[in-house]
Amino acid sequence: MKIATWNVNSVNARLATVLDILKTCAADVWCLQEIKCVDEKFPREEIEALGFNCAVFGQKTYNGVAVLSKFRISDEVRHLPGEPEDEQSRYLEVLIESPRPMRVASVYLPNGNPRPGDKYEYKLRWMDRLVQRASALLETEEAVVLAGDYNCIPRDEDCWDPRVWAEDALAFPATRERFRKLQHLGYTDAFMARDGRMQKYTFWDYQAGAWQKDWGIRIDHLMCSPQAADRLKSIAIHRAARGMDTLGKPSDHVPVIGAFAD
DNA sequence: ATGTCCTACACCGTAGGA
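Its first residue numbered 185, the first sequence is counted upward by one per residue in the working numbering.
The following block contains the structure:
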């Protein structure tokens, strides 16, 4: 089965492109981020017509995550535990009832800029909460995939010019340290396990011709529990999606798709 | 790595993300 993550940058502004990619990429599970709409505005009918069940945790204007699945969905968890006053829709975890079930979460980490500041402090707290949740999930010994926009450039090799990003919230040492905590717990970055090449990007800014110049960064990740990593066969970054403009403007992120043994 | 560009919302500009 294939599990994909994609920050769509508004599911409604991008609907024709989203439907086209859902059809052509043939993933069984999609973790979407930045749907930028409340649950009632999610294009449920159009997506269900393609054979997906939808779990949606929306928010007006900002954020919002969803999981689409060809298999039945149960056991939804909205929000990361640990900060009840957090009103931003950034985490949706579900059980995918495939023949060998998988627990899958759509994850949208805060950007964290400007740093230092309140937004960066929120990002670090959010990452700490994610590590806590990831740790608790390990105890179930389930196959778990935490897939999403981590707003973290894990290595200097994952960006065009490390000097440009050194002080940015996406690459600052405290950000990378928390990302590594996930790895030290036992979560595998699917890309690193099956590819690992430098300068393989998942995001190119809309500004300054970043796409044309290949000024990109790798910030969208599938993090796999040991039981999920055992089943990981391959990883693909759908780079061509960044240049697709026939159905409208592309998202600034592209899908990352992992293939797992059934 | 900046040549701002993009989105939503609401009012034709502003806020916010990246």
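Built from N, CA and C at the ideal position, the CB exists for glycine as well.
Keep in mind the model is a prediction, meaning the values are calculated, not measured.
Separation of residue j from residue i, as counted between CA atoms
i	j	result
residue 336	residue 318	17 Å
residue 407	residue 330	5 Å
residue 306	residue 294	8 Å
residue 346	residue 198	31 Å
residue 380	residue 443	16 Å
residue 402	residue 204	23 Å
residue 321	residue 299	30 Å
residue 256	residue 344	40 Å
residue 363	residue 411	19 Å
residue 186	residue 434	22 Å
residue 310	residue 271	12 Å
residue 230	residue 290	20 Å
residue 447	residue 208	No answer is possible for residue 447: the residues shown for the chain start at 185 and end at 446.
For residue i, three-class secondary structure by DSSP
i	result
residue 202	helix
residue 216	strand
residue 315	helix
residue 207	helix
residue 444	strand
residue 427	helix
residue 236	coil
residue 414	coil
residue 393	helix
residue 375	helix
residue 229	helix
residue 223	helix
residue 384	coil
residue 433	coil
residue 189	strand
residue 421	strand
residue 293	coil
residue 246	coil
residue 260	strand
residue 400	strand
residue 274	coil
Pair within 7 Å by beta-carbon distance, residue i and residue j
i	j	result
residue 355	residue 416	no
residue 390	residue 400	no
residue 266	residue 313	yes
residue 333	residue 404	yes
residue 258	residue 279	yes
residue 423	residue 438	yes
residue 365	residue 315	yes
residue 217	residue 196	no
residue 323	residue 287	no
residue 210	residue 188	no
residue 304	residue 353	yes
residue 275	residue 263	yes
residue 432	residue 250	no
residue 194	residue 220	yes
residue 378	residue 419	yes
Beta-carbon proximity list for residue i, same chain, < 8 Å, skipping 5 on both sides
i	result
residue 236	206, 214, 252, 253, 254
residue 228	238, 240
Nonlocal neighbours in the same chain, by C-beta distance under 6 Å from residue i, ignoring five residues either side
i	result
residue 341	382
residue 372	408, 413
residue 261	277
residue 223	240, 242
residue 297	353
Residues near residue i by beta carbon distance below 7 Å, same chain, minus five either side
i	result
residue 358	308
residue 367	373
residue 388	394, 395, 399, 400, 426, 436
residue 421	384, 386, 438, 440
Quiz item: Can you list the alpha helix (DSSP H) stretches of 4 or more residues lying completely in the stretch 298 to 368, in chain order?
Solution: Listed in chain order, they are 302 to 322, 346 to 349.
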